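A.B. asks: In the numbering used here, the protein residues as written are 32 to 317. The structure under discussion is supplied below as structure tokens; questions concerning it will follow.
Here it is as structure tokens:
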């Protein structure tokens with residue numbers, strides 16, 4: 032009897048958790064998005080006016096496009112930076128691999144707000160960088176802080192450790208003897224990397240890219256504290272609907288659109304890439 036109910040218990044507990052913590056909030060957000068708010072009060076009036084506003088107001092379209100471009104650029108840069116870091120730890124870390132990988136988690140011991148403020152103190156008009164320049168007799172830099180460039184630096188600083196960790200874990204299970212075999216058969220180190228290491232760890236790279244792209248798409252703190260007045264992203268616009276504006280229904284509709292965009296992009300990537308070639312078996316036997 033115990034063996035019969037064990038699978039149901041082990042599958043039931045996480046299923047209930049996923050439904051309670053992920054599915055129900057998404058459904059509530061969807062329901063709220065088809066209502067309306069007036070004077071900070073929710074009115075249960077079915078309508079699609081919130082989605083009409085998002086489809087016709089160019090400001091929201093600009094925010095979404097800007098967020099997509101920012102998230103793509105930051106995710107690409109993080110992936111490019113993370114690969115040599117993770118690969119170097121695997122090849123040359125030796126018995127200190129674990130310590131080196133855990134070192135990238137040290138910034139997460141402090142809150143995200145503190146890290147953003149620390150970066151603000153580094154790049155600000157009277158920050159550490161400009162202080163060093165002025166002590167050397169040079170003019171302070173005033174073109175970094177409160178720009179989209181500063182927002183990108185902040186997002187890279189926040190999410191690079193995640194991408195490094197994911198790619199490191201992917202490489203940790205990679206059989207390095209495959210590289211030796213490729214070299215024996217005449218492949219150069221570069222060819223062995225691009226034809227063996229990269230394809231077989233592509234799925235891990237995609238996970239790292241997604242774990243950077245999705246939070247960047249809804250980023251609020253970095254563009255708010257580091258970006259300028261022309262750097263409003265979609266996540267900031269959503270936060271304003273739930274805070275200053277009080278238009279919660281419109282904010283919920285923006286959240287639904289953001290979720291739909293993320294799902295669509297993941298589906299497109301899964302469709303375009305042959306993930307089975309990367310060693311991923313999550314699709315079952317096809």
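C-beta atoms are modelled at their ideal positions from N, C-alpha and C, and glycine is treated no differently. Here the structure is a predicted model, which is why all the values come from computation and not from measurement.
Within this structure, are the beta carbons of residue 135 and residue 202 separated by less than 9 Å?
C.D. replies: As a first step, residue 135 is located in the chain shown; it is residue number 104 there, counting from the start. As a first step, residue 202 is located in the chain shown; it is residue number 171 there, counting from the start. Their beta carbons are not under 9 Å apart, which means residue 135 does not touch residue 202 by this criterion.
A.B. asks: Considering only heavy atoms of the ligand NAD, does any lie closer than 8 Å to the CB of residue 183?
C.D. replies: This structure lacks the ligand NAD, and indeed carries no ligand of any kind.
A.B. asks: Identify which residue in 198, 206, 249 and 44 has its Cα closest to the Cα of residue 285.
C.D. replies: The residue you call residue 285 lines up with position 254 of the chain shown. Comparing Cα-Cα distances from residue 285 to each of 198, 206, 249 and 44, the minimum goes to 249.
A.B. asks: Which residues in the same chain as residue 263 place their Cβ atom closer than 8 Å to its Cβ, once the five residues preceding and following it in sequence are excluded?
C.D. replies: Residue mapping note: residue 263 aligns to position 232 of the chain shown, counting from 1. Cβ within range, chain order: 94, 97 and 254.
A.B. asks: Spatial neighbours of residue 152 within its chain, please: C-beta separation below 7 Å, excluding the five flanking residues on both sides.
C.D. replies: Locating residue 152 in the chain shown gives position 121, where the first residue counts as 1. 158 and 159.
A.B. asks: Taking only the alpha-carbon atoms, compute the straight-line gap between residue 182 and residue 108 and give it to the nearest angstrom.
C.D. replies: Taking the first residue of the chain shown as position 1, residue 182 is located at position 151. Taking the first residue of the chain shown as position 1, residue 108 is located at position 77. Roughly 13 Å separates the two Cα atoms.
A.B. asks: Could you round the C-beta distance between residue 243 and residue 194 to whole angstroms and report it? I think they count as a contact, below 8 Å.
C.D. replies: One-based indexing of the chain shown puts residue 243 at position 212. One-based indexing of the chain shown puts residue 194 at position 163. Residue 243 to residue 194, Cβ: 5 Å. Contact.
A.B. asks: Please identify the residue among 187, 120, 165 and 141 whose C-alpha is closest to the C-alpha of residue 199.
C.D. replies: For the purposes of this step, residue 199 is taken as residue 168 along the chain shown, with counting starting at 1. Nearest option by C-alpha distance: 120.
A.B. asks: Measuring only the C-alpha atoms, how far is residue 241 from residue 106?
C.D. replies: Numbered from its first residue, the chain shown carries residue 241 at position 210. Numbered from its first residue, the chain shown carries residue 106 at position 75. Computed Cα separation, rounded: 8 Å.
A.B. asks: Would you check if the distance between the CB atom of residue 282 and the CB atom of residue 269 is smaller than 9 Å?
C.D. replies: Taking the chain shown and counting its residues from 1, the one referred to as residue 282 is at position 251. Taking the chain shown and counting its residues from 1, the one referred to as residue 269 is at position 238. Taking 9 Å as the Cβ cut-off, residue 282 and residue 269 qualify as a contacting pair.
A.B. asks: If you reduce the DSSP assignment to three classes, tell me which class residue 311 lands in.
C.D. replies: Sequence index remark: in the chain shown, residue 311 carries index 280 (1-based). Any reading at residue 311 needs caution, since the residue's pLDDT is 46, under 50, leaving its predicted position unreliable; the model's value is listed next. Three-state result, residue 311: coil.
A.B. asks: What does a CB cutoff of less than 8 Å around residue 103 pick up in its chain, not counting 5 residues either side in sequence?
C.D. replies: Working through the chain shown from its first residue, we reach residue 103 at position 72. Only 244 meet the Cβ criterion.
A.B. asks: Residue 69 bridges to which residues according to DSSP?
C.D. replies: Residue 69 sits at position 38 when you count from the first residue of the chain shown. Residue 69 pairs with 72.
A.B. asks: How would you call residue 87, buried or exposed, if buried means at least 16 neighbouring beta carbons within 10 angstroms?
C.D. replies: Here residue 87 is taken as the residue at index 56 of the chain shown, counted from 1. With fewer than 16 other Cβ atoms within 10 Å, it is exposed.
A.B. asks: Under a three-way DSSP split, which group does residue 317 fall into?
C.D. replies: Position 286 of the chain shown, counting from 1, holds the residue named residue 317. Low confidence applies to residue 317: its pLDDT is 43, below 50, so where it sits in the model is not reliable enough to give any reading.
A.B. asks: In chain order, what residues of the same chain have a beta carbon less than 7 Å from the beta carbon of residue 227, not counting five sequence neighbours either side?
C.D. replies: To locate residue 227, count along the chain shown from 1; it is residue 196. Around residue 227: 209, 210 and 213.
A.B. asks: Excluding the 5 residues preceding and the 5 following residue 47 in the sequence, name in chain order all residues of the same chain whose CB lies nearer than 7 Å to its CB.
C.D. replies: Stepping through the chain shown from its first residue, residue 47 is reached at position 16. So the list is empty, once near-sequence residues are dropped.
A.B. asks: Cα-Cα, which of 232, 65, 274 and 267 is closest to residue 82?
C.D. replies: For the purposes of this step, residue 82 is taken as residue 51 along the chain shown, with counting starting at 1. Nearest option by C-alpha distance: 65.
A.B. asks: Spatial neighbours of residue 113 within its chain, please: C-beta separation below 6 Å, excluding the five flanking residues on both sides.
C.D. replies: Reading the chain shown from its first residue, position 82 is the one you call residue 113. Correct list, in chain order: 194, 195 and 198.
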